[in-house]
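Residue numbering for the sequence shown is 4 to 110, as defined by my numbering.
Heads up, the beta-carbon is just placed ideally off N, CA and C, and yes, glycines get one too.
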Amino acid sequence: MIKNFLAMLDSGTDNALLRYSLGNAYFGEQQYADAIKHLQVAVEQDRTYSAAWKLFGRCHYELSQFEESVEVYDQGIQIATEKGDKQAVKEMQVFRRRAAAKLTSKQ
């Protein structure tokens with residue numbers, strides 16, 4: 004799957020959906036750093052892409068990058084709120100609380 008997505012990217016196709024799909028595929032392989040690279044681009048290409056924000060924050064969490072995770076979730080929650088995406092807001096709030104708790108326990 005990753006190879007197919009990378010081939011599409013190499014052929015000149017580059018959009019938020021493709022970058023999210025790559026990020027999701029890398030996430031599934033527990034290659035979180037690679038996933039982050041593509042999810043960063045996805046949210047740059049489409050700042051209203053709630054699913055990309057959610058997965059972007061989750062990848063940072065999985066790498067124990069709790070501060071970055073909280074920051075990403077804060078941005079994602081704000082954008083999803085503006086968009087009216089209530090379900091995404093709720094889900095990101097749950098994950099944000101988990102990341103914030105881990106951040107607090109590390110200090």
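Between the alpha carbons of residue i and residue j, how many angstroms are there, rounded?
i	j	result
A103	K6	35 Å
Q68	V97	17 Å
M11	N18	10 Å
E94	V75	13 Å
V46	Y23	9 Å
H63	S14	29 Å
Q34	E70	19 Å
E32	L9	15 Å
Q48	A55	11 Å
V73	R99	5 Å
Put residue i into one of helix, strand or coil per three-state DSSP.
i	result
I84	The sequence shown places Thr at residue 84, not Ile. Note: T84 maps to helix in three-state DSSP.
S67	coil
Quick one, are the C-beta atoms of residue i and residue j less than 8 Å apart?
i	j	result
L20	H41	no
R61	I82	no
S53	K89	no
F30	A38	yes
K57	A91	yes
Any chance the CB of residue i is under 7 Å from a heavy atom of the ligand ATP?
i	result
L58	In terms of ligand content, the structure shown is empty, and the ligand ATP therefore cannot be addressed.
(message) Which runs of the alpha helix (DSSP H) at least 4 residues long sit entirely within the region 21–58? Give them in chain order.
(response) 35–48
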